[in-house]
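To start, the structure itself, in structure tokens.
As structure tokens, this is what we get:
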């Protein structure tokens, strides 16, 4: 909760189907609240290509030692589709994998406060 409070994830993503890397993407975290022992609700806004979409995302947080890992398996994201992802958050960076109905790839960037 402390790591994500007032944070924006600024980065890029790639697709396994080609070698291109996306333009800048932003996930503005408006708030995070604990729902159960491992489930958190991220109230975020996805900003890409001039769009600003509010998206409440329930995620499971697993721990790799002292490092949180965002875990989503077939989670429906309103207005965007159903996704699976594993994203590691460490210090001021994030990196992980994602997949959905139309493919998958990597996601990476910095955590800005």
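In the working numbering, the protein residues as written are 639 to 751. Every residue gets a Cβ at the ideal spot worked out from N, C-alpha and C, and that includes glycine.
#1: Give me the Cβ distance between residue 662 and residue 651, rounded to the nearest whole Å; I'm assuming they're in contact under 8 angstroms.
#2: Taking residue 712 as part of the beta strand (DSSP E), name the residues at either end of that continuous run.
#3: State buried or exposed for residue 747, treating a residue as buried only when at least 16 other CB atoms are found within 10 Å of its CB.
#4: Given a threshold of 16 other Cβ atoms within 10 Å of its Cβ, counted over all protein chains shown, does residue 691 qualify as buried or as exposed?
#5: How big is the Cα-Cα spacing for residue 679 and residue 688?
#6: To the nearest angstrom, report how far apart residue 649 and residue 657 are at their CA atoms.
#7: Taking C-beta to C-beta, are residue 699 and residue 708 nearer than 8 angstroms?
So, from the listed chains and residues:
#1: What you label residue 662 is simply residue 24 of the chain shown in a count that begins at 1. What you label residue 651 is simply residue 13 of the chain shown in a count that begins at 1. Not quite, the Cβ-Cβ distance comes to about 10 angstroms (not below 8 angstroms), so this is no contact.
#2: Walking along the chain shown from the start, residue 712 turns up at place 74. Run containing residue 712: 705 to 715, per the beta strand (DSSP E) assignment.
#3: By 1-based counting over the chain shown, the position of residue 747 is 109. Counting Cβ neighbours within 10 Å, residue 747 comes out buried, since at least 16 surround it.
#4: Position 53 of the chain shown, counted from the start, is the residue given in the question as residue 691. Burial call: exposed.
#5: Here the question's residue 679 lines up with position 41 in the chain shown. Here the question's residue 688 lines up with position 50 in the chain shown. Residue 679 and residue 688: Cα-Cα distance of roughly 25 angstroms.
#6: For the purposes of this step, residue 649 is taken as the residue at position 11 of the chain shown. For the purposes of this step, residue 657 is taken as the residue at position 19 of the chain shown. Whole-angstrom Cα-Cα distance: 16 angstroms.
#7: Here residue 699 refers to the residue found at position 61 of the chain shown. Here residue 708 refers to the residue found at position 70 of the chain shown. Going by C-beta atoms, residue 699 is nearer than 8 angstroms to residue 708.
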